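Residue numbers (my numbering): 90 to 339. For reference, the structure discussed in these notes is given below.
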Amino acid sequence: MSLEVKNMSFSYKYNKILKDVSFVAKKGELLALLGPNGAGKTTLLKCISGLLKPFGEVIFDGRLLNKMSFKEISKIVSYFAQSSGNSGLSVFESILLSRKPHIKNSFSAKDYAIVQSIIKMLNIAHLSLKKLDHISGGEAQKVRIAQLLAQESKILLIDEPLNNLDLKNQIEVMRLLKSLIVQKNLIVIVAMHDLNIAFNYADKLLFLRDGYVIDFCSLEQLDNCVIDKTYGVKMDILNQKGKKICIPYF
Numbered sequence: 090m091s092l093e094v095k096n097m098s099f100s101y102k103y104n105k106i107l108k109d110v111s112f113v114a115k116k117g118e119l120l121a122l123l124g125p126n127g128a129g130k131t132t133l134l135k136c137i138s139g140l141l142k143p144f145g146e147v148i149f150d151g152r153l154l155n156k157m158s159f160k161e162i163s164k165i166v167s168y169f170a171q172s173s174g175n176s177g178l179s180v181f182e183s184i185l186l187s188r189k190p191h192i193k194n195s196f197s198a199k200d201y202a203i204v205q206s207i208i209k210m211l212n213i214a215h216l217s218l219k220k221l222d223h224i225s226g227g228e229a230q231k232v233r234i235a236q237l238l239a240q241e242s243k244i245l246l247i248d249e250p251l252n253n254l255d256l257k258n259q260i261e262v263m264r265l266l267k268s269l270i271v272q273k274n275l276i277v278i279v280a281m282h283d284l285n286i287a288f289n290y291a292d293k294l295l296f297l298r299d300g301y302v303i304d305f306c307s308l309e310q311l312d313n314c315v316i317d318k319t320y321g322v323k324m325d326i327l328n329q330k331g332k333k334i335c336i337p338y339f
């Protein structure tokens with residue numbers, strides 16, 4: 090099972106945002122989407138999710154996603170932007186609403202049971218009745234992950250889940266994502282900025298600049314020049330206790 094993006098391009102009016110993007114993301118893997126601001130990371134996630142209509146193909150398990158209705162895509166792909174949603178909702182309500190792609194008329198006992206199970210699994214039961222604007226940044230990101238899981242999709246697209254989190258919460262969120270990938274055999278694509286976090290947790294790296302793919306590789310295949318081409322910053326990639334880290338030239 091894999092997600093294949095083939096020759097994807099997207100323009101907004103006369104501005105071409107994505108230019109011939111191609112890659113394959115496999116089940117059980119986390120793909121880190123990397124690049125400077127304005128590189129096209131968020132647009133790429135929206136195109137895969139069906140929120141935007143690009144040129145090119147998005148194929149999952151032999152099916153052409155960009156020929157499906159948005160509701161059909163939402164059963165396969167879960168996407169959450171940097172915002173957690175309507176802050177007037179409780180945590181439980183916000184997660185329950187993520188069941189919408191599976192709802193015909195009203196929420197069923199099964200929907201409530203699925204939400205309860207996810208809340209228990211993520212250890213956020215104590216947050217259930219709290220409003221979204223009354224929880225911390227780390228808690229909000231766990232709620233976002235719960236919302237994604239409630240859709241019961243096989244592909245999770247997450248836009249900058251580490252924003253405004255301290256180091257401890259960044260590590261907790263990434264460890265949680267990695268454990269869920271293994272448990273549920275998911276495909277997870279995460280747009281992020283921290284290269285060292287990506288090096289530690291991602292299975293594959295996709296570097297974007299100005300809508301073009303600079304490189305798509307594993308960490309073992311990564312060349313120093315890719316970071317320079319992507320960010321315009323020279324970096325050393327070093328081995329430290331079996332892990333790779335990057336350090337900019339000062």
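Backbone N, C-alpha and C fix where the C-beta goes; we use that ideal spot for every residue, glycine too. Nothing here was measured: the structure is a model prediction, and the numbers come from that model.
Exercise. Would you call the segment 118-132 and the segment 280-299 touching, i.e. three or more CB-CB distances under 8 angstroms?
Worked result: Contact holds: three or more Cβ-Cβ distances are below 8 angstroms.
Problem set entry | Nearest residue (CA-CA) to N253, options I234, Q230 and K160 | Checked all of I234, Q230 and K160; the closest Cα to N253 is Q230.
Exercise. Is K160 buried or exposed, if buried means 16 or more other CB atoms sit within 10 Å of its CB?
Worked result: exposed
Exercise. Can you name the start and end residues of the beta strand (DSSP E) that I303 belongs to?
Worked result: Y301 to C306
For this session: Compare the beta carbon distance of S167 and L246 with 8 angstroms and say whether it is the shorter of the two.
Result: Taking 8 angstroms as the Cβ cut-off, S167 and L246 qualify as a contacting pair.
Problem set entry | Beta-carbon separation (whole angstroms), A202 vs I208, contact threshold 8 angstroms | Going by Cβ atoms, the distance from A202 to I208 rounds to 11 angstroms, so no, they are not a contact pair.
Exercise. Is it buried or exposed for Q240, if we count other Cβ within 10 angstroms and need 16 for buried?
Worked result: buried
Problem set entry | Alpha-carbon to alpha-carbon, S158 and Y101 | 21 angstroms
For this session: Compare the beta carbon distance of F99 and L134 with 8 angstroms and say whether it is the shorter of the two.
Result: no
Problem set entry | Contact set for L178: own chain, Cβ-Cβ below 8 angstroms, skip 5 residues either direction | L186, K220 and L221
Problem set entry | Reduced DSSP category for F196 - H, G, I as helix; E, B as strand; rest coil | coil
Exercise. Fully enclosed by the segment 199-257, which alpha helix (DSSP H) runs are 4 residues long or longer?
Worked result: 226-239
Problem set entry | Span of the beta strand (DSSP E), counted from its first residue to its last, around D325 | M324 to Q329
Problem set entry | Extent of the continuous alpha helix (DSSP H) to which I334 belongs | First-last for I334: K332 to P337, but that is the beta strand (DSSP E), not the alpha helix (DSSP H).
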